[in-house]
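This report refers to the structure that appears directly beneath it.
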Amino acid sequence: MRQRRLLVQVGVAAVLIGLLALLVNNLAVNLIRTGLGLGFGWLGRPAGFALAETALPYAPSDSYLWALTIGWLNSLKVIAAGLVLATVLGVAAGAARSSNNRLLRSLAGGYVALIRQVPLLLQLLFWYFVAFLGLPSVPIGGLIRLSNQGIQLLGLNLSVEFCAVLVGLTVFTGASIAEIVRGGINAVPRGQWEAFRSLGLGEGLGLRRIVLPQALPAILPALTSQYLNLAKNSTLAIAVGYADLYAVSDTTITQTGRAIEGFLLLLLSFLLLNLLISGGMAAFNRAVLGRLNRSR
Amino acid sequence: ASLDSASGSRLDLVKARGELLCGVSGKIPGFSFLSPDGRYTGLDVDICRAMAAAFVGDAEKVQYRPLTAPERFTALRSGEIDLLSRNTTHTLSRDAVGGNGLRFGPVVFHDGQGLMVNATSGVRALADLSGKSICVGSGTTTEQNLNDAFASQGLPYTPIKYQDLNQVVGGYLQGRCEAMTSDRSQLAAARSGFSDPQAHLILDDRISKEPLSPAVVGGDQPMGDAMTWVVNALIEAEERGITQVNVDAVMKQAAADPSQTALRRFLGVDPGLGHKLGLADDFVVQMIRATGNYGEIYNRHLGPDSAVAIPRGANRLGGEGGLMISPPFT
Amino acid sequence: MNRWLDRGITLLLLALLGWAGWSMLHWLLLGADWSVVTTNLPLYAVGSFPADQRWRPLLWMAALITLTLLTLVGPKHGWLRRWLPLFWIVMAPLGLWFLAGGLGLLPVGTRSWGGLTLTLLLTGGSGALALPLGILLALGRRSDLPVLRWSSAAYIELMRAVPLIAVLFFGQLLIPLFLPPGLEINRVLRALVAFALFAAAYIAEDVRGGLQAIPPTQREAAAVLGLSPRQSLQLVVLPQALRVALPSLTNQAVGLLQNTSLMAILGLVELLGISRSLLANPAFIGRYLEVYLWLAAVYWLACTAMALLARHLEVQLDPARSAS
Amino acid sequence: MTVAIRATDLVKSYSQGVRALDGVTLEVNSGEVLVVMGPSGSGKSTLIRTFNGLETLDGGALDVLGVSLDATHGERQVLAIRKRVGMVFQQFNLFPHLSILDNITLAPIKVQQRAKASAEQRAMELLDQMGIREQAYKYPAQLSGGQQQRVAIARALALDPEVMLFDEPTSALDPERVKEVLDAMRQLAKGGMTMVVVTHELSFAREVADRVMFMDRGQVVETSDPETFFSNAREERSRRFLNQMQH
Amino acid sequence: MTVAIRATDLVKSYSQGVRALDGVTLEVNSGEVLVVMGPSGSGKSTLIRTFNGLETLDGGALDVLGVSLDATHGERQVLAIRKRVGMVFQQFNLFPHLSILDNITLAPIKVQQRAKASAEQRAMELLDQMGIREQAYKYPAQLSGGQQQRVAIARALALDPEVMLFDEPTSALDPERVKEVLDAMRQLAKGGMTMVVVTHELSFAREVADRVMFMDRGQVVETSDPETFFSNAREERSRRFLNQMQH
Ligand SMILES: Nc1ncnc2c1ncn2[C@@H]1O[C@H](COP(=O)(O)OP(=O)(O)OP(=O)(O)O)[C@@H](O)[C@H]1O
Ligand SMILES: Nc1ncnc2c1ncn2[C@@H]1O[C@H](COP(=O)(O)OP(=O)(O)OP(=O)(O)O)[C@@H](O)[C@H]1O
Ligand SMILES: [Mg+2]
Ligand SMILES: [Mg+2]
């Protein structure tokens, strides 16, 4: 019995290693054949392209590495803002779906049904080319200024590309989060609602003190994967001209022809980003569950 | 079908397959785009068709592969396509072994990068665009040229980069940027589709020279030669006045007249030239029957009666003040 | 107090809806030019499929739509309903035959496939590949053989950490570099495989969720009856787990359909890709809004139909339903 | 003797057309213990849940502690009643994320605006009374079923209700734990609490009930004192039920 | 009289150091009905689960129907035994995705390689015997608890086992449904089936058991005939338990 288990495992390992070796061998052969080679020396060479949006000083004479870093920061910027806004929108829409106002409820339902069935890429194109570039130049009060050149918000200057990606990601992810929140609330046993009601607690208080704290453990894991999705989907920014990591990588790969190295860097960056997000959520999760499960 | 680079040429593979895999853009008015009947059309596309006619004797035996700018060279290198006919500028680093290591054919369109602005904007020269946003396609030489042009004059600008030309056009039309830049042919083509073409101005500044050529993988001499001489044949045919309509008559006439030695060689009545390229001896006739000569191709897609009218300018024949000449077919 | 708030919200929403509706109507009546859609309808449907062969994909799609309608709103009983599953099963090989040709039909290369046909094909094909692979991965991840467990988990986590567009990019540009020289895999197939490899990781997690939801007592009950572990998995655990996982699998399927649009960025002429090519036609430059709205409607319909079909399947498979 | 609950001709139907209550009329006097029995689905739960507004009525008149809770009642009446009527469920429905003490003091503090200290003091008294004082700082999941149910009783008592409703309070318990809970209820009854108890514990009913009401299909079949009911039930249906209960 | 099950000094501990079985020795004769009682956690379930290899042993010798199932047994012995020993759980554990008939015929067809027609015929006989023939084409979720448990018994009987194990077969049932299941078990006992039954149904034990075994903390406290056990249990611990059971 034990021998058979060992044999199966060695077999699996051998097949996997063999497959990997074959692929790597092919890669080596192909790299030699096409004269592509493998190396990262080009990272230090001047990029030679300008970027529209830079969080830190950048000029075309800076290196590819620095250009990629700027792209990474741009990604981070839109992801961070997107996480916050999508959460707010999602929780609001999720709560609205169990609201007593019928119009609000059906509107939230319509939002979810519409947004979740249309590809994000298409939505991004719509937000950018139709909604934001179609903006007339209007000052709203003294603090906000909308135009198709950018949004000025309390002194903050946002490019339309950034806004389009942000809004697109927020609206799309918000719809999924709304479903998760609703599901989490529904997962709390009916008995809990009845118990707080029969103690004379009002609906709002019960939702806050009794239902949501219990819904949270069910919500958090799904929320984490939505956050990760948002991060990954931010790569679609390339379709609307936002200089995120993927867009900069794309340009870099085109200019240098270093597809494999570029791809590896992209992969590593996203692994890092993933670790950041899921690590943060895990810590939050522990904090929340720690409070809920002191019993165990 | 499999090909070992040491033993055979891509050309043999194409002939064995009976079909040419041709990389095009698919999104450039006048050069390659999808017409409502579902066929690709344009100058780049006719180059593919001429190649197919020459290589396998049938201009319809082409599989078009729409390619984005970033993937085009990898597609070529990896054998995904046989030949690239996609508005590609012939440059040193794309040609050289130390760069992309491609082999370029003769120029099929002499272009130069330009800038288009709104006529009412008051911008008349490059310098007027200092500090403005400019819409540009990403990852292309266009982007680098723009950077070179502004940097050399010490002018600041903001590039708004898009993935392909029709997005650049979209961004420009929607007013995202003061100017859009691309090859002048493309600017003209795009402008022809605007609702009010007169409202847009193509600046006189030429910020680059853009010789557009088809390309194949470097180091594959048979394939490169065949490509080169197919393009040359298109030009030579125009020089000789051989057209789609009269090619059969000219051929008959040459066959009957042994004194027309050069013409007989060119059309393959006297065998030998085609064989040297690894093609059929009558490959020129096949091509011209299918696509006509270079001038015909140009007029079909970019001539005064086409949707995208671009004055022929540098793309006239050498004898007529242009740059298009063919080396002799001897 | 609460009631006033309620009314306020209602009024505000009504005003917003009214304004949005009015500007939409205004544009539809006065601003829109739908020729970019109407002239190119066949292209949206079948891409650059040879003109004289277009009837093939069109016929197939018509059959698909008919079948969908029959399933969703057709008669509840009778011979038609009984034969529906068979029709659905036949649709796949039929579609392949119609598209690829052979057996009396003119062969058509995959490169000519495009538009909605290609979208549906990419979705269906990659789904069909990903499901078995996903199940295997899920089982692998729950296996008590460490090597199997670790490698499955590593694969799943790696795939889930990477953006789809990067995987597709890999599939389109880099896979050729990993293959022996000279071995060509056609582009559609490569997209299909890249999609399937990606989706399998997500499906694996859904199936694993389903497996976890099946109480261990079910396994015990099977063991007590003398069923071997394999029989117990195949006859008792897996059928239940898949049913539990069905709703999330539906979401994956709808996501798959939507994500085929990313192939447009990489130059495949599926529904969105073909639209981008059409927007390059000088006759249609600048008609974004019309095209995007039209596409949104098509995707929405396709995705909703798919979700409804899956719901239907869920109900069919629910053992508690009173019919049967 | 005042009437705590007066129900006249109560009707309640669910969407599927099930008539859970089909004309139920009854009175519960202050200080009385009424035990409700009946087969599964006969409407017992539905009935006592109407007594604190957890179910809305479709018809009939209901008066609980002088407040009318019929088909047209508003939000305000219901909240008022719930503070004066305690309820204990079959599934104890403790709040799993709160400690035992917090479970008990939540409503007094939030609903009655009592000071925390006094609420906690009262909670400890109640836990004492239930014999589980030492569990105060644990969480529900750490307690046995019987202990949890006693916490649920204490939680309901913390609002000093005038009426207590019990819906099969022992049926989710291990046989061994049942006694603990029944003992607590016995003590409550002795203290003069008005109680409506849905239960199948025959010995409890026999010993503690003032009256036993037997329901079937949403209707009251008979109401008798326990002695009569158990030894000599009037209705054939009741006798058949009792027979089954004792196997 | 042959011995169906012979256990000598069985030991079973769980990782946390709990000794679920702590030296259990017993014999069950063919045709005998042994009822096992004991407080929660005393090891009753663990004990009868060792009888068909659902739990592995840490020590002692176990012989079931002539096959040894001690600490070192292999896969093969266990599969052999499971075909000859039927088991019914507290939670009925029917396969929810299969019809009642398919639930019953699954093992005969897949394990015993019986023909489908003959397996179904036998299944219908068993359903008849359990009084639920008309439910054959329904799904488990459509049946009441009592009906489900009878299906579970039929499913176990479909392999024609020589011994039947029951682990609290009625404790998840509505009080009203208990009788249906106990009646089915009574009939089985009358037919001469060897049975080991963990239950708290006193009347059943009194009437059907040949012997009653009382366990506590993984050990056998006493084994007596039912009369002695219920009226005059030898051990103080047993008496206390019985006392609690009857409130
Ligand atoms: N939320 C509901 N929706 C639909 N029908 C319901 C609902 N709640 C109860 N019913 C139905 O109302 C009837 C009475 O149910 P109720 O729960 O009051 O019975 P019960 O006597 O308490 O039964 P049990 O002893 O099983 O708890 C039953 O037929 C039941 O199916
Ligand atoms: N899988 C397990 N892991 C760890 N401990 C276990 C496990 N199963 C049972 N135990 C422990 O073994 C002891 C005996 O458990 P067992 O289930 O046999 O008792 P039981 O007499 O059947 O109780 P009950 O009447 O509650 O069913 C208990 O202390 C229990 O906590
Ligand atoms: Mg009830
Ligand atoms: Mg047990």
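Residue numbers (our numbering), protein chains in the order written: chain A, 1 to 296; chain B, 1001 to 1330; chain C, 2001 to 2324; chain D, 3001 to 3247; chain E, 4001 to 4247.
Backbone N, C-alpha and C define an ideal beta-carbon position, used for all residues, glycine too.
Since we're looking at a predicted model, the values are computed, not measured.
Using DSSP with H/G/I as helix, E/B as strand and the rest coil, what is residue i?
i, result
"Ser1132/B", "Contrary to the premise, residue 1132/B reads as Lys rather than Ser in this sequence. The answer is coil: DSSP assigns Lys1132/B none of H, G, I, E or B."
"Leu2084/C", "helix"
"Val188/A", "coil"
"Lys4116/E", "helix"
"Met3193/D", "coil"
"Thr3105/D", "helix"
Leaving out the 5 sequence neighbours to the left and right, which residues in its chain are closer than 7 Å to residue i when beta-carbon positions are compared?
i, result
"Trp2060/C", "Leu2094, Gly2095 and Phe2098"
"Leu4098/E", "Leu4106"
"Arg3114/D", "Pro3108"
Which residues in the same chain have their Cβ closer than 8 Å to the Cβ of residue i, if we skip the five residues on either side of it in sequence?
i, result
"Glu4120/E", "Leu4101 and Thr4105"
"Gly1122/B", "Asp1128"
"Thr1120/B", "Ala1199"
Excluding five sequence neighbours on each side, which residues of the same chain lie with their C-beta closer than 6 Å to the C-beta of residue i?
i, result
"Leu1323/B", "His1110 and Ala1314"
"Gly4017/E", "none"
"Ser3013/D", "Arg3019 and Asp3058"
"Ser3030/D", "Thr3002, Ala3004 and Thr3194"
"Leu220/A", "Asn285"
So is residue i in contact with chain E if we call contact Cβ pairs under 8 Å?
i, result
"Ala2223/C", "yes"
"Pro3039/D", "yes"
How big is the Cα-Cα spacing for residue i and residue j?
i, j, result
"Ser3040/D", "Val3221/D", "14 Å"
"Leu1146/B", "Gln1186/B", "15 Å"
"His2077/C", "Leu2070/C", "11 Å"
"Leu275/A", "Tyr2155/C", "16 Å"
"Ile1028/B", "Phe2170/C", "26 Å"
"Arg197/A", "Gly3218/D", "24 Å"
"Phe1055/B", "Leu1043/B", "18 Å"
"Gly1292/B", "Gln1244/B", "4 Å"
Can you confirm whether residue i, when its beta carbon is compared against all beta carbons of chain A, has any partner nearer than 8 Å?
i, result
"Gln3091/D", "yes"
"Pro2163/C", "yes"
"Glu1080/B", "no"
Using a cut-off of 8 Å between C-beta atoms, extract the partners of residue i located in chain G.
i, result
"Asn2281/C", "Protein chains A, B, C, D and E are contained in the structure displayed, whereas chain G is not."
Closer than 8 Å, CB to CB, is residue i near chain D or not?
i, result
"Arg208/A", "no"
"Glu53/A", "no"
"Leu200/A", "For clarity, residue 200/A is Gly in the given sequence; the question names Leu instead. For Gly200/A, the answer is yes, since a Cβ of chain D falls inside 8 Å of its Cβ."
"Leu205/A", "yes"
Step through the CB atoms of chain C and report whether any lies within less than 8 Å of the CB of residue i.
i, result
"Met4245/E", "no"
"Ile1160/B", "no"
Shorter than 8 Å from the beta carbon of residue i to some beta carbon of chain B?
i, result
"Gly48/A", "yes"
"Pro2176/C", "yes"
Legend entry - Under 9 Å (Cβ pairs) to chain B, residues found in the stretch 2259 to 2278 of chain C: Ile2265, Leu2266, Gly2267, Leu2268, Val2269, Gly2273, Ile2274, Arg2276, Ser2277 and Leu2278
Inset, instruction - Quick one: which residues of the stretch 110 to 144 of chain A get their C-beta closer than 7 Å to a C-beta of chain B? List them in chain order. - result: Phe129, Leu133 and Gly134
Inset, instruction - Please list the residues of the stretch 1034 to 1055 of chain B that have a C-beta atom closer than 8 Å to any C-beta atom in chain C, keeping them in chain order. - result: Leu1034, Ser1035, Pro1036, Asp1037, Gly1038, Arg1039 and Tyr1040
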